[in-house]
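Following: one structure in structure tokens, then a few remarks.
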Amino acid sequence: MAGYSSGATDQNRNIRRAFVSVGSKKVHYRVCGSGPAVVLLHDSPRSSRLHTPTMLGLANSFTVFALDTPGYGNSDPLGIEQPEIGDFADALDQALGALGLRDVPLYATHTSAKIALDYAARYSGPPRLILDGLSIPTSPTPPDFIAAYMRPFVKDDDGAFIAKEWIRVRDMLRWFPWFNPDASKRMQLEVSPDWIRDYTLDLFAAGPHYSDAYAAAMRYDPKPALLGVTTPTVVGAKSDDVLFDSLQRVPTDKNSNLETAPLSADREEWLAWLIKELGQSANESISSAKSSSTFDDDHVYVDVNDGQIFARQYGDAAAPKVLVLDTPFLVQGQQWAEALKQDYRIILPDLPGFGESDALNSILPESFARAINSLLTELSDTPVAVLATGYAAPLAILLAHKYPHKVRQLIIDGGASQKSFPEASDLDELVPYFEFSHAGSHLHETWHMLRDSQASWPWHDRSNNAHRKIEPKFKHPYLYDSFMGVLKQPTHYGDAVRASFSAAADLPVPIQDTLFLELENDPAFCDLRSLSDKWPAARTTSRAADISNSADVVLNFLSTESQT
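In my numbering, the protein residues as written are 134 to 697.
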């Protein structure tokens, strides 16, 4: 299996992730290091993922916060049809205020340089502004150019958008503008496959919002803000930056608060410069965020022994809790969450190694059970019901057996029997690693794996015996989160399946009342009846092909058991 060690997985445990609430919106950020606080902002369509190497380079000197701009990474979009740079600057002020970071140095690059500049010109902070690559055009960017450059990102159910966006990514590395493949427009760029994967990941994470700040920056004229800013501001650019020539247009002669810094293309020299600039006004008394995510929020990160687990939460925070487990994808789990959230508080985690949850150091089943137990310790003061679907079922059973005080009931939706798993030799086919391809085939293979998982069990079995009886969910809203979850950790997304496979070989018999759901002739549900017959506290009932039509069965079970 080929390795992949870019910043996409944040496997360095020194970097933590969290959310801060700004009104009804969530702003996602990364943080690491110790010492005085500094803030980093990214360009478009990237996210704070871009700054992972820089954060580690600064961590010995500063507590480094890297924010996702609204609509990018994991931050909620602004909800404005055509936001302008001023809207993003207002949102930045609110986020910094919520984090207690208004009085710390601020570094921003490319798109975010304009956001930070507008913020500094209209608000009372930061104490020092470092703009790396500020576009100062000689004339306004024509609207037709912006429209062509910012072609809408439109998802579709067939996955055709993947090819379209992959071509955009490849051509953005060859020509400027990317939509004009002319020999005279060719750029001299050399980037690694890891860089392309990260860029693609951020573009796809932003999706239809990728152009929100990007286009706003093209429409924004920075000259008035440069003339009016009272914050000490340095505008720098590396010699290989396409915006290097803009340095000569910084009006240092008209505003004494401005200075320019032509920089070497050497990364080590650039990092030394950045440390020096940030250190000039860093405040030793500000070393950590004032607030972060709370456990009543919809999205949370929870610390476990090997890193962090990301969990989505649905429904009333005061309602009884149901933990929904699904692997290696979330398609069925999200449907169960939607079906039950009107009556219960649903916790749906990315299992370790998938999506936003760090991979564990061990893929033993007990390691996964321990990590899930840590999640429950933080998110629930009372025992929860656990609903497991697909290959997550053995992990749920092990969890209930090892931590009986945390689990009050079990609902098993297929996948519990060892006979429902492929042979050990076939696990690499069940959760394959798709090698990076400059043709983008790894993206298409991921998408079709998800589609096939709705039609066959296991997904790669094309025989008639593998045909599923569930209602397939082929529309992109059902597939997209799982698509992103696999892309974020292409070498680890199947870790939970491998752990569950091991657990299925020797399933314990938990003491909790257990409901086995059964869908006749669906291969995911094979041998469940014989398994449930061996459990004193188990019962089996039929479920519908569509999860939305099966909710009443589960709700009745949960309601009856909660009253006994």
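Positions of the beta carbon are idealized from the N, C-alpha and C atoms, including for glycine.
What whole-angstrom Cβ distance do residue i and residue j have, given they're in contact under 8 Å?
i: leucine 211; j: alanine 224; result: 6 Å
i: isoleucine 496; j: arginine 631; result: 5 Å
i: phenylalanine 198; j: tyrosine 162; result: 6 Å
i: leucine 473; j: leucine 322; result: Wrong, their Cβ atoms sit about 49 Å apart, outside the cutoff.
i: methionine 188; j: isoleucine 148; result: 6 Å
i: tyrosine 524; j: proline 461; result: 7 Å
i: lysine 606; j: glutamine 468; result: 7 Å
i: asparagine 438; j: serine 507; result: 7 Å
Sorted by chain position, which residues of the same chain lie with C-beta nearer than 6 Å to residue i's C-beta, five sequence neighbours on each side aside?
i: aspartate 546; result: Thr522 and Leu650
i: serine 180; result: Asp201, Tyr205, Gly206 and Asp335
i: alanine 470; result: Tyr447, Val457, Ile479 and Leu481
i: histidine 593; result: Glu562
i: alanine 346; result: Ser177, Thr202, Phe221 and Thr244
i: glutamine 542; result: Ala518, Gln645, Asp646 and Glu694
i: phenylalanine 312; result: Ala281
i: leucine 229; result: Arg235
i: leucine 691; result: Ala518
i: threonine 333; result: Val302
With distances taken from CA atoms, which of the options is nearest residue i?
i: alanine 684; options: Pro555, Gly466, Ala192 and His243; result: Gly466
i: alanine 572; options: Ala253, Val375 and Trp299; result: Trp299
i: isoleucine 263; options: Ala241, Pro273 and Pro276; result: Ala241
i: isoleucine 680; options: Leu509, Lys602 and Thr673; result: Lys602
i: glycine 258; options: Gln227, Leu380 and Ser268; result: Gln227
i: arginine 261; options: Gln413, Leu583, Val519 and Thr515; result: Gln413
i: valine 164; options: Gly190, Asn682 and Arg382; result: Gly190
i: proline 238; options: Ala415, Val464 and Val367; result: Ala415
i: tryptophan 403; options: Asp373, Ser344, Asp430 and Pro326; result: Asp373
i: glycine 166; options: Thr185, Pro461 and Gly156; result: Thr185
i: aspartate 514; options: Pro357, Asp655, Ala677 and Val455; result: Val455
i: proline 357; options: Ser379, Phe337 and Val383; result: Val383
i: leucine 531; options: Pro275, Lys606, Phe443 and Ser635; result: Ser635
i: phenylalanine 278; options: Tyr626, Gly361 and Pro310; result: Pro310
i: tryptophan 590; options: Arg676, Lys608 and Phe554; result: Phe554
i: proline 623; options: Val362, Ala588, Thr579 and Trp668; result: Thr579
i: aspartate 265; options: Gly233, Asp327 and Ser379; result: Ser379
i: glycine 703; options: Ala529, Leu407 and Pro610; result: The chain is shown from 134 up to 697; residue 703 falls before or after that span and cannot be answered.
Within a Cβ cutoff of 8 Å, which residues of the same chain sit near residue i, ignoring the five residues on either side of it in sequence?
i: tryptophan 308; result: Pro314, Asp315, Lys318, Arg319 and Met320
i: serine 574; result: Phe567
i: histidine 577; result: Gly292, Ile295 and Ala296
i: alanine 452; result: Asp476, Tyr477 and Arg478
i: glutamate 217; result: Ala349, Arg352 and Tyr353
i: aspartate 614; result: Leu463, Gln467 and Gly488
i: leucine 560; result: Gly627, Val630, Arg631 and Phe634
The ligand NAD heavy atoms versus the CB of residue i: any closer than 6 Å?
i: serine 194; result: No copy of the ligand NAD occurs in the structure displayed, which carries no ligand at all.
Strictly under 7 Å for the Cβ-Cβ distance: is residue i near chain D by that measure?
i: aspartate 646; result: Protein chain content of the structure displayed is limited to a single chain, and chain D is not contained in it.
Using C-beta distances below 7 Å, list every residue in its chain close to residue i, excluding the 5 sequence neighbours before and after it, in chain order.
i: methionine 582; result: Trp592
i: alanine 670; result: Ile644, Gln645, Asp646 and Thr647
i: aspartate 209; result: Lys158, Lys159 and Pro203
i: threonine 673; result: Phe649, Glu651, Leu661, Arg662 and Ser665
i: proline 565; result: none
i: alanine 348; result: Ile279 and Met283
i: aspartate 459; result: Gln465, Gly466, Thr522, Gly523 and Ala525
Any beta strand (DSSP E) of 3 or more consecutive residues that is wholly inside the region 189-259: 196-200 and 239-242
Three or more C-beta pairs below 8 Å linking the region 480-487 and the region 440-452: yes
Given 8 Å, three or more beta-carbon pairs between the region 191-198 and the region 165-178: yes
Touch test, the region 482-492 against the region 611-620, Cβ-Cβ under 8 Å, three pairs minimum: yes
Touch test, the region 246-260 against the region 348-364, Cβ-Cβ under 8 Å, three pairs minimum: yes
Start-end ranges of the alpha helix (DSSP H) lying completely within the region 304-357, minimum 4 residues: 326-339 and 344-352
Meets three-Cβ-pair contact criterion under 8 Å: the region 640-658 and the region 499-508: no
The region 434-444 / the region 145-158 touching (three or more Cβ pairs under 8 Å): yes
Continuous beta strand (DSSP E) assignments of at least 3 residues falling wholly in the region 405-493: 432-437, 440-447, 454-460 and 478-482
Stretch-stretch touch, CB-based, cutoff 8 Å, three pairs: the region 273-293 with the region 393-401: no
Three or more C-beta pairs below 8 Å linking the region 656-675 and the region 536-556: yes
Beta strand (DSSP E) runs wholly inside the region 357-388, at least 3 long, in chain order: 366-371
In chain order, each beta strand (DSSP E) run of at least 3 residues that lies wholly inside the region 502-588: 517-523 and 540-546
Length at least 4, wholly inside the region 604-651: the alpha helix (DSSP H) runs in chain order: 609-621 and 628-637
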